[in-house]
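Colleague:
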Amino acid sequence: MNPGPKREIRVRFAPSPTGPLHLGNARAALFNWLFARHEGGKFLVRIEDTDKERSKKEFEKDILEGLVWLGLEPDEEPIRQSERLEIYAESLQKLLNEKKAYWCFCTPEELEAERQNQLSQGFAPKYGGRCRHLPPDEADARIKKSGKAVIRIRMPEKKVSFNDLVKGKIEFDMALVGDVIIAKSLREPLYNFAASVDDVLTNISHVIRGEDHISNTPKQIVIQEALGLEGPQFAHLPLILGTGRQKLSKRRLETSLNDYKKEGYLAEAMLNFLALLGWHPREDREVINRQDLVKEFTLERVQKGGAVFNEEKLNWLNAHYIKTAKTEELMEKLKPFVPKTWLAKKKVLQNIIETEKERIKNLKGFKDMAAFFFGLPDYDAKLLIWKETPKERILANLKSVHDITKNSASPEPEILALAEKEGRGEVLWPLRAALSGQDASPGPIEILKVLGKTESLKRIGKAIKKLG
RNA sequence: GGCCCUGUCGUCUAGUCUGGUCCAGGACACAGGCUUUUCAAGCCUGGUACACGGGUUCGAAUCCCGUCGGGGCUACCA
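Take the first sequence: its letter number 358 is residue 358 in this note's numbering, and every next letter is one higher.
#1: Have a look at L276, K304, E312 and P339 and flag the residue whose alpha-carbon is nearest the alpha-carbon of F297.
#2: Among L384, N310 and N318, which has the Cα closest to the Cα of G242?
#3: Going by the beta-carbon positions, is the gap between T389 and I353 smaller than 8 Å?
#4: Considering only the beta carbon of each residue, do S456 and L435 sit closer than 8 Å?
#5: Just to confirm, are Q121 and A194 a CB contact at a threshold of 8 Å?
#6: Reducing DSSP to helix, strand and coil, say where V177 ends up.
#7: Can you tell me where the alpha helix (DSSP H) holding A101 begins and where it ends?
#8: Could you check whether F374 and K342 sit closer than 8 Å to each other, using their CB atoms as the reference points?
#9: Helix, strand or coil, according to DSSP, for G461 in the structure here?
#10: Would you list, in sequence order, the uninterrupted alpha helix (DSSP H) runs of no fewer than 4 residues that lie entirely inside the stretch 7-74?
#11: What residue from A113, L134, C131 and A101 has the CA that sits closest to P125's CA?
#12: Name the two residues that bound the continuous beta strand (DSSP E) containing V207.
#13: Grouping DSSP H, G and I as helix and E and B as strand, with all else coil, what is E112?
#14: Please report the distance separating the alpha-carbon of G231 from that of D199.
#15: Just the Cα atoms here: how many angstroms apart are K158 and R27?
#16: Determine the direct distance from the alpha carbon of A36 to that of G66, and round the result to whole angstroms.
#17: Between E420, L376 and P17, which lies nearest to S441 when the distance is taken from Cα to Cα?
#18: Start and end of the alpha helix (DSSP H) containing V277?
#19: Between E171 and the rest of its own chain, which residues show a CB-CB distance below 6 Å, the 5 nearest in sequence each way excluded?
#20: Run the CB neighbour count on R245, radius 10 Å, all protein chains shown included, and call it buried at 16 or more, exposed below.
#21: Would you check if the stretch 173-192 and the stretch 39-46 touch, i.e. whether three or more CB-CB distances between them fall below 8 Å?
#22: State the beta-bridge partners of I79 as determined by DSSP.
#23: Output needed for K406: all residues of its chain with C-beta closer than 7 Å, excluding positions within five of it in sequence on either side, in chain order.
#24: Could you check which residue in E109, S146, C104 and M155 has the C-alpha nearest to that of R130?
#25: Starting from K159, follow the beta strand (DSSP E) in both directions and report where the run begins and ends.
#26: With distances taken from CA atoms, which of K313, K382, L165 and A419 is nearest K304?
#27: Between the stretch 349-363 and the stretch 253-270, do three or more beta carbon pairs fall short of 8 Å?
#28: Measuring from the CB of E90, is there a heavy atom of the ligand GTP at a distance below 7 Å?
#29: Taking DSSP as the reference, what is the three-state secondary structure of E188?
#30: Hey, how far is the Cα of G147 from the Cα of R209?
#31: So is T50 buried or exposed if we call it buried at 16+ other beta carbons inside 10 Å?
#32: So, V197 versus F234, is the Cβ gap smaller than 8 Å?
#33: So, with DSSP's three-state summary, where would you put S221?
#34: Got a sec? Which residues, its chain only, sit under 7 Å from S91 by beta carbon, not counting five neighbours each side?
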């Protein structure tokens with residue numbers, strides 16, 4: 001609890017690979033990373049895969065990939081708890097030898113009956129301590145015979161408090177908790193034990209995690225005390241909530257960060273958004289890049305209350321980052337989202353991106369938005385008509401534009417002049433419709449430039465035919 | 001039920017520690033307007049919040065007490 005004055009800052013992100021990396025986890029990872037970078041410390045990743053049934057390699061992969069995407073790569077090779085069983089067994093044996101932990105032979109059925117009984121009488125469920133005073137040699141004999149026993153820690157009946165770096169002082173009465181199970185066997189440690197051992201053995205200085213772990217904290221402190229090792233400081237982050245302050249919806253929870261990537265969100269936008277969920281810089285600033293995030297981040301400014309996930313703001317940030325991105329960079333990011341044939345026409349694609357940039361909401365939507373540049377969609381002749389303008393006038397204007405485009409080296413000023421004379425809507429609308437085949441698109445002159453003379457003439461010609 | 005955390009616009013939040021400059025500021029969203037060939041973008045304007053009730057004080061979003069609301073945990077899951 002009393003970190004030395006020069007203790008090295010080491011934080012960890014410790015997900016269990018029982019599901020994809022979701023928003024809550026991603027934010028916990030980000031805050032850890034930010035804290036480490038701000039303090040000049042190290043950011044580590046630990047895979048908590050002690051639950052053999054639920055842990056899956058594919059989830060581990062998803063989590064690690066998500067971190068890479070956000071640029072939150074660990075400073076040391078990630079470690080896996082499943083590969084550290086020896087270490088936990090040793091610590092477990094040590095506690096057993098020192099009588100700080102003991103074997104418990106109660107069956108799950110007995111325990112469940114006890115729990116129900118306590119609940120029905122209005123008591124908080126707690127282990128009664130039947131096996132607490134079994135003589136060690138008797139326990140050893142039984143363990144050799146049946147092999148079926150779990151390990152419990154002797155919970156001291158005292159109050160345990162810690163100074164949470166975001167919540168302040170928190171105190172628990174451990175008399176209410178009782179002797180909790182810390183392992184299913186010597187080689188099957190449970191979460192609270194494995195995490196406690198790892199945090200001290202890997203020299204973690206600050207444990208920054210979701211507040212769903214607050215009630216685990218005193219147990220972990222007791223375990224670390226029993227081990228005789230100096231524990232880390234704790235900081236518990238408010239949870240991300242769903243609409244209505246309810247739990248984040250199942251759908252949202254199951255939406256992995258990588259799904260957002262596939263939907264066309266930029267890592268920068270996601271990072272910015274996640275940072276603002278439960279944290280805020282000193283100044284009123286909504287758009288804040290990675291570098292400034294690192295510079296500004298402190299745990300003191302982390303919000304205490306839960307934050308509702310608000311996708312509209314994410315969308316706005318995403319559009320903002322797209323709008324302000326360099327075309328070259330945008331092109332790189334767009335690559336996985338567009339047909340290969342488009343990529344072959346690099347220069348054209350670049351011009352298209354330039355014209356559509358401020359309209360793009362997400363990378364995925366770009367394809368539909370820009371498709372008309374590569375092939376004129378079929379459209380109804382009615383689309384060419386501007387408001388109440390007679391067909392004949394539209395036709396005449398399109399013909400004039402066709403002539404200008406065909407004969408002039410730089411047709412833009414002349415088209416504009418024509419539009420001034422004949423009416424902007426009467427000239428520009430049908431031109432735009434003819435070139436795009438859509439009711440919404442960038443301006444006609446811009447499209448014309450991207451399309452080039454030949455293709456533009458073809459499209460205008462087609463429109464004239466449609467009207468004629 | 002018990003234990004713990006938490007409560008400023010619909011949402012993210014500034015302000016709370018160190019009471020007055022806050023009849024509460026910014027952002028997203030929304031509404032209206034400007035611009036405009038369309039859709040966007042941009043610009044301008046607008047509305048909406050200190051959960052409630054008591055104190056303390058000349059004065060409270062800020063301090064104290066209570067109530068209510070929300071969340072987490074209560075596993076041989078993490």
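All C-beta atoms, glycine included, are put in the ideal place defined by N, C-alpha and C.
Modeller: Checking against the coordinates, here is how it stands:
#1: On the first sequence, position 297 is the one that residue 297 refers to. If we check each option's Cα against that of F297, L276 comes out closest.
#2: Indexing the first sequence from 1 puts residue 242 at position 242. Measuring from the Cα of G242, the nearest candidate turns out to be N310.
#3: As a working note, residue 389 is residue 389 in the first sequence. As a working note, residue 353 is residue 353 in the first sequence. Not a contact, by the Cβ cut-off of 8 Å.
#4: The residue labelled residue 456 in the question sits at position 456 within the first sequence. The residue labelled residue 435 in the question sits at position 435 within the first sequence. Yes, these two residues count as a Cβ contact at 8 Å.
#5: For the purposes of this step, residue 121 is identified with residue 121 of the first sequence, where counting begins at 1. For the purposes of this step, residue 194 is identified with residue 194 of the first sequence, where counting begins at 1. Result no, Cβ atoms of Q121 and A194 do not sit closer than 8 Å.
#6: Start at 1 with the first residue of the first sequence, and residue 177 comes out as number 177. It is coil, neither helix nor strand.
#7: Walking along the first sequence from the start, residue 101 turns up at place 101. Careful: A101 lies outside any alpha helix (DSSP H), inside the beta strand (DSSP E) at A101 to C104.
#8: Position 342 of the first sequence, counting from 1, holds the residue named residue 342. Position 374 of the first sequence, counting from 1, holds the residue named residue 374. In the sequence on display, residue 342 carries Trp and not Lys. Yes, these two residues count as a Cβ contact at 8 Å.
#9: Taking the first sequence and counting its residues from 1, the one referred to as residue 461 is at position 461. Note: G461 maps to helix in three-state DSSP.
#10: 23-39 and 57-70
#11: For the purposes of this step, residue 125 is taken as the residue at position 125 of the first sequence. When each option's Cα is compared against that of P125, the closest is A113.
#12: The residue labelled residue 207 in the question sits at position 207 within the first sequence. Segment H206 to G210, the beta strand (DSSP E) holding V207.
#13: Here residue 112 corresponds to residue number 112 of the first sequence, with the count starting at 1. It is helical.
#14: The count along the first sequence starts at 1 and reaches residue 231 at position 231. The count along the first sequence starts at 1 and reaches residue 199 at position 199. Answer to the nearest angstrom: the Cα atoms are 7 Å apart.
#15: Numbered from 1 along the first sequence, position 158 holds the residue referred to as residue 158. Numbered from 1 along the first sequence, position 27 holds the residue referred to as residue 27. Those two C-alpha atoms are separated by around 34 Å.
#16: Walking along the first sequence from the start, residue 66 turns up at place 66. Walking along the first sequence from the start, residue 36 turns up at place 36. Using only the alpha carbons, I get a separation of about 19 Å.
#17: Taking the first residue of the first sequence as 1, we reach residue 441 at position 441. The shortest Cα separation from S441 among E420, L376 and P17 belongs to L376.
#18: On the first sequence, position 277 is the one that residue 277 refers to. Inspection of the sequence shows that residue 277 is occupied by Leu rather than by Val. Run containing L277: none; DSSP gives neither H nor E here.
#19: Position 171 of the first sequence, counted from the first residue, corresponds to residue 171. Taken in chain order, the residues that qualify are K159 and S161.
#20: Here residue 245 is taken as the residue at index 245 of the first sequence, counted from 1. So R245 counts as exposed.
#21: no
#22: Start at 1 with the first residue of the first sequence, and residue 79 comes out as number 79. Its beta-bridge partners are R46.
#23: Stepping through the first sequence from its first residue, residue 406 is reached at position 406. L457, listed in sequence order.
#24: Position 130 of the first sequence, counting from 1, holds the residue named residue 130. With distances taken between Cα atoms, R130 lies closest to C104.
#25: Along the first sequence, one-based indexing puts residue 159 at 159. Where K159 is concerned, the enclosing beta strand (DSSP E) stretches over K159 to D164.
#26: Residue numbering aside, residue 304 sits at position 304 when the first sequence is read from its first letter. Cα-wise, what sits closest to K304 is L165.
#27: yes
#28: Looking for the ligand GTP in the displayed structure turns up nothing, as the structure carries no ligands at all.
#29: Mapped onto the first sequence, residue 188 falls at position 188. Here E188 sits in strand by DSSP.
#30: Walking along the first sequence from the start, residue 147 turns up at place 147. Walking along the first sequence from the start, residue 209 turns up at place 209. Computed Cα separation, rounded: 36 Å.
#31: Here residue 50 is taken as the residue at index 50 of the first sequence, counted from 1. Its Cβ being crowded by 16 or more others within 10 Å, T50 is buried.
#32: Within the first sequence, numbered from 1, the residue matching residue 197 stands at position 197. Within the first sequence, numbered from 1, the residue matching residue 234 stands at position 234. No, the pair does not count as a contact, with Cβ atoms beyond the cut-off.
#33: The sequence position of residue 221 within the first sequence is 221, counting from 1. According to the sequence displayed, residue 221 carries Ile and not Ser. Helix at I221.
#34: Working through the first sequence from its first residue, we reach residue 91 at position 91. The residues are V197 and L227.
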